[in-house]
Amino acid sequence: DTGVSQDPRHKITKRGQNVTFRCDPISEHNRLYWYRQTLGQGPEFLTYFQNEAQLEKSRLLSDRFSAERPKGSFSTLEIQRTEQGDSAMYLCASSLQGDTEAFFGQGTRLTVV
Amino acid sequence: GQNIDQPTEMTATEGAIVQINCTYQTSGFNGLFWYQQHAGEAPTFLSYNVLDGLEEKGRFSSFLSRSKGYSYLLLKELQMKDSASYLCAMNDYKLSFGAGTTVTVRA
Numbered sequence: 806d807t808g809v810s811q812d813p814r815h816k817i818t819k820r821g822q823n824v825t826f827r828c829d830p831i832s833e834h835n836r837l838y839w840y841r842q843t844l845g846q847g848p849e850f851l852t853y854f855q856n857e858a859q860l861e862k863s864r865l866l867s868d869r870f871s872a873e874r875p876k877g878s879f880s881t882l883e884i885q886r887t888e889q890g891d892s893a894m895y896l897c898a899s900s901l902q903g904d905t906e907a908f909f910g911q912g913t914r915l916t917v918v
Numbered sequence: 056g057q058n059i060d061q062p063t064e065m066t067a068t069e070g071a072i073v074q075i076n077c078t079y080q081t082s083g084f085n086g087l088f089w090y091q092q093h094a095g096e097a098p099t100f101l102s103y104n105v106l107d108g109l110e111e112k113g114r115f116s117s118f119l120s121r122s123k124g125y126s127y128l129l130l131k132e133l134q135m136k137d138s139a140s141y142l143c144a145m146n147d148y149k150l151s152f153g154a155g156t157t158v159t160v161r162a
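Those protein sequence lines, which keep their order, are chains A and B.
Going by the numbering used here, the residue at position 78 of the first sequence is 883; the numbering climbs one at a time, nothing skipped.
Going by the numbering used here, the residue at position 107 of the second sequence is 162; the numbering climbs one at a time, nothing skipped.
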């Protein structure tokens, strides 16, 4: 296993389109996190899973965002009706437990035009 | 809720020492992480403090005072490759990050 994998690495989409990103965590990692990061800012928490259960979703997140982790392994993040303000780097991270270090994927850079 | 504060930028000379402070407020706290992020790359783990005190790991050390809601990352013998953003993150049942401190190391 080579670490957290995210796909695609880059996505350009037109405003109003739906996009879906995938994250494959490190095997046997129970925790999976999604973040959004813009230039000059730290990662902004979006949501996280403990196995297949989504334990928390940011209150800042609109209903256009949804995430799943159906079998407790890979996860998907979907953004519906994209807006220009959604342009950012979307980072996924996984950890063995909640009190161990999280490993990050290389991210998916979304550009909404 | 939670709030994390750290300085936006710091500049230091190669070979010097820099201390990056982080203060936090949260209703639930299980520890504090420090991550390093080079431009265009993903964050990488540096340290994790659960109990009060200093954790030393090579050139990098991290300190935590839970009663004061305060942590710092100490970078010694600075090298050019240490130029990066340093992120303070609370383990508050999820993982909440500060905005990061951009450290520039000059020759």
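Positions of the beta carbon are idealized from the N, C-alpha and C atoms, including for glycine.
None of these values were measured; they are calculated from a predicted model.
Do residue i and residue j have their CB atoms nearer than 9 Å?
{"i": "L130(B)", "j": "V105(B)", "result": "no"}
{"i": "T887(A)", "j": "Q822(A)", "result": "yes"}
{"i": "S122(B)", "j": "W89(B)", "result": "no"}
{"i": "F152(B)", "j": "G847(A)", "result": "yes"}
{"i": "L866(A)", "j": "T881(A)", "result": "no"}
{"i": "G890(A)", "j": "A154(B)", "result": "no"}
{"i": "L169(B)", "j": "N146(B)", "result": "Given a span of 56 to 162 for chain B in the structure shown, any question on residue 169(B) remains unanswerable."}
{"i": "F854(A)", "j": "T913(A)", "result": "no"}
{"i": "M135(B)", "j": "A94(B)", "result": "no"}
Establish whether the CB of residue i and some CB of chain B are separated by less than 9 Å.
{"i": "D868(A)", "result": "no"}
{"i": "D904(A)", "result": "yes"}
{"i": "Y895(A)", "result": "no"}
{"i": "L860(A)", "result": "yes"}
{"i": "A872(A)", "result": "no"}
Less than 7 Å between C-beta atoms, sequence neighbours within five positions excluded: which residues of the same chain meet that for residue i?
{"i": "G877(A)", "result": "N856 and E857"}
{"i": "K149(B)", "result": "none"}
{"i": "G56(B)", "result": "Note that G56(B) has pLDDT 43, beneath the 50 cutoff, so the model's placement of it is unreliable and the number below is only indicative. Counting only Cβ-Cβ distances below 7 Å, and skipping sequence neighbours, we find S82."}
{"i": "F850(A)", "result": "Y840 and S863"}
{"i": "R869(A)", "result": "I884, Q885 and R886"}
Run down chain A in chain order and give the residues with a C-beta less than 9 Å from the C-beta of residue i.
{"i": "L142(B)", "result": "G847 and P848"}
Determine the DSSP secondary structure at residue i, reduced to helix, strand or coil.
{"i": "D107(B)", "result": "coil"}
{"i": "Q889(A)", "result": "helix"}
{"i": "D137(B)", "result": "helix"}
{"i": "V73(B)", "result": "strand"}
{"i": "F879(A)", "result": "coil"}
{"i": "H834(A)", "result": "coil"}
{"i": "N58(B)", "result": "strand"}
{"i": "R869(A)", "result": "coil"}
{"i": "F88(B)", "result": "strand"}
{"i": "Q811(A)", "result": "strand"}
Flag residue i as yes if its beta-carbon sits less than 9 Å from any beta-carbon of chain A, otherwise no.
{"i": "Y127(B)", "result": "no"}
{"i": "Y79(B)", "result": "no"}
{"i": "R104(B)", "result": "Note on identity: in this sequence residue 104(B) is Asn, with Arg being the wrong assignment. Answer no: the Cβ-Cβ gap between N104(B) and chain A never drops below 9 Å."}
{"i": "L130(B)", "result": "no"}
{"i": "A139(B)", "result": "no"}
Suppose the cutoff is 8 Å on Cβ atoms and the five residues either side in sequence are ignored; what does the same chain contact list for residue i look like?
{"i": "V824(A)", "result": "K816, T818, E883, I884, T887 and L915"}
So, at 6 Å on beta carbons, what are the nonlocal neighbours of residue i in its own chain, with the 5 sequence-adjacent residues on each side left out?
{"i": "E64(B)", "result": "T157"}
Could you work out which residues of chain B lie near residue i, taking near to mean beta carbons separated by less than 8 Å?
{"i": "G910(A)", "result": "A97"}
So residue i contacts chain B; which residues on that side make the cut at Cβ distance below 9 Å?
{"i": "A907(A)", "result": "F88, Y90, P98, F100, A144 and L150"}
In chain A, which residues lie less than 7 Å from residue i when you measure between Cβ atoms?
{"i": "A154(B)", "result": "Q846 and G847"}
Residue i touches chain C at which residues, Cβ-Cβ below 8 Å?
{"i": "N85(B)", "result": "Here the protein chains are A and B, and chain C is not one of them."}
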